[in-house]
Amino acid sequence: MSQLEAPDLYHRWYYEQGVWERVRFLGVPCLKSVSDMWNYQELLTELRPGLVVEFGTRHGGSAMYFSTIVRALGLRAQVFSVDIEPQSLDTRARSYPGIEFWVGSSTAPEVAARIAQLRKEYPGPMFAILDSDHRCDHVLAELRLLRPLTVAGDYVVVEDGNINGHPVLPNWGPGPWEAIDAYEAEHPGDYLRDEASEARFGFTFAPRGFLRRTEGL
Ligand SMILES: C[S@@+](CC[C@H](N)C(=O)[O-])C[C@H]1O[C@@H](n2cnc3c(N)ncnc32)[C@H](O)[C@@H]1O
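Its first residue numbered 11, the sequence shown is counted upward by one per residue in the numbering used here.
#1: Taking the alpha carbon of Phe215 as the reference point, which residue from Trp48, Met74, Tyr193 has its own alpha carbon closest?
#2: Does ligand 1 have even one heavy atom less than 7 Å from the beta-carbon of Thr78?
#3: Three or more C-beta pairs under 8 Å: does that hold for the segment 69 to 85 against the segment 155 to 169?
#4: In angstroms with no decimal places, state the Cα-to-Cα distance between Leu150 and Met136.
#5: Alpha carbon to alpha carbon, how far is Phe220 from Tyr20? Give it in angstroms, no decimals.
#6: Using 8 Å as the threshold, is the segment 109 to 125 in touch with the segment 63 to 81, meaning 3 or more CB pairs across them?
#7: Would Leu92 pass as a contact of Glu131 if the rule is Cβ separation under 8 Å?
#8: Val33 to Val121, Cα distance in whole Å?
#9: From what residue to what residue does the beta strand (DSSP E) around His27 run?
#10: I'd like to check one pair, Thr224 with Tyr193: are the Cβ atoms closer than 8 Å?
#11: When you compare each of Val168, Ala162, Ser116 to Leu140 by their alpha carbons, which one comes out closest?
#12: Starting from the Cα of Ser116, find the closest Cα among Gly66, Asp46, Trp187, Leu61 and give me that residue.
#13: Between Asp141 and ligand 1, is the CB less than 7 Å from at least one heavy atom?
#14: Buried or exposed for Leu54, please, with buried defined as at least 16 other CB atoms from any protein chain shown within 10 angstroms of its CB.
#15: May I have the straight-line CA-CA distance separating Val62 from Leu41, to the nearest angstrom?
#16: Determine the contact status of Gly114 and Ala87, defining contact as a CB-CB distance below 8 Å.
#17: Beta-carbon separation of Gly8 and Arg218 under 8 Å?
#18: Are there 16 or more other CB atoms within 10 angstroms of the CB of Gln147, so buried, or fewer, so exposed?
#19: Leaving out five residues before and five after Leu153 in sequence, what residues of the same chain have Cβ atoms less than 8 Å from its Cβ?
#20: Grab the span of the beta strand (DSSP E) containing Ser91 for me, first residue to last.
#21: Exposed or buried, what is Arg129 when buried is set at 16 or more other beta-carbons lying within 10 Å of its beta-carbon?
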């Protein structure tokens, strides 16, 4: 095995063996790469956000994780986590401090309105993470929704660009990776790719998806 192949091989093993589906945070499922989680902890520490927006709650383990980090940093910050179906939400997450769970589609205008309101209530940078419906059209719609809600310095992570052969699930069809490409063609310069964070641990479930908002072109 050459050094260059090692991260991709590990990535495929981690994904295909379903390791990510067995990750737990304080006992609650958190469907992620653990090195991505560590990366988010470092980014949140640097960013010191007022608001963390998560599209795609599922069990709530990731929302609990984000809330734990921002509270440990001593920030006056809120996590806003959106999911279209609330049935999977763990009872431990429901009562966890610092999180507002919202039931509905991440692309609904009411979600945009609530984010705008929360930005006023919780000033400071926003960290948003897109982890809901991974189809290209949906992720593109989420990025469009965030456009008027984000300002220079905010941070957006688009998760699961690894599917559709980047490098897992080669036949999945257009997903987050393709949505990022489409958004960049539509609004060039809105985001700078944070390649250092993306490359930090050798592989990520969010290739091309570490995005720092700029002023735009
Ligand atoms: C991959 S899971 C989220 C995992 C979670 N963020 C974590 O790391 O543990 C994706 C979630 O997105 C939700 N979802 C699917 N379509 C959605 C939509 N249009 N709007 C909001 N959530 C949606 C699903 O119900 C599912 O719970």
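Yeah, the Cβ is synthetic: ideal placement off N, Cα and C, and Gly gets one too.
Small disclaimer: the values here were computed from a predicted structure and weren't measured.
Reading it off the structure:
#1: Trp48
#2: Thr78 has its CB no nearer than 7 Å to any heavy atom of ligand 1.
#3: no
#4: Looking at the two C-alpha atoms, the distance is approximately 19 Å.
#5: The C-alpha of Tyr20 lies about 20 Å from the C-alpha of Phe220.
#6: In this structure the segment 109 to 125 lies against the segment 63 to 81, because at least three pairs of beta carbons, one per stretch, are closer than 8 Å.
#7: The displayed chain sequence assigns Val, not Leu, to residue 92. In this structure, Glu131 does not lie closer than 8 Å to Val92 by Cβ.
#8: 28 Å
#9: Per the sequence presented here, residue 27 reads as Gln, with His not at that position. Unbroken run through Gln27: none, as it is neither H nor E.
#10: no
#11: Val168
#12: Gly66
#13: yes
#14: buried
#15: 17 Å
#16: Cβ distance not < 8 Å, so Gly114 and Ala87 don't count as in contact.
#17: Because the chain is modelled from 11 through 227, residue 8 falls outside the range shown and cannot be assessed.
#18: The sequence given here places Asp at residue 147; Gln does not occur at that position. That one is exposed.
#19: Leu140, Val166, Val168, Ala189, Ile190, Tyr193
#20: 88 to 93
#21: Flag for Arg129 reads buried.
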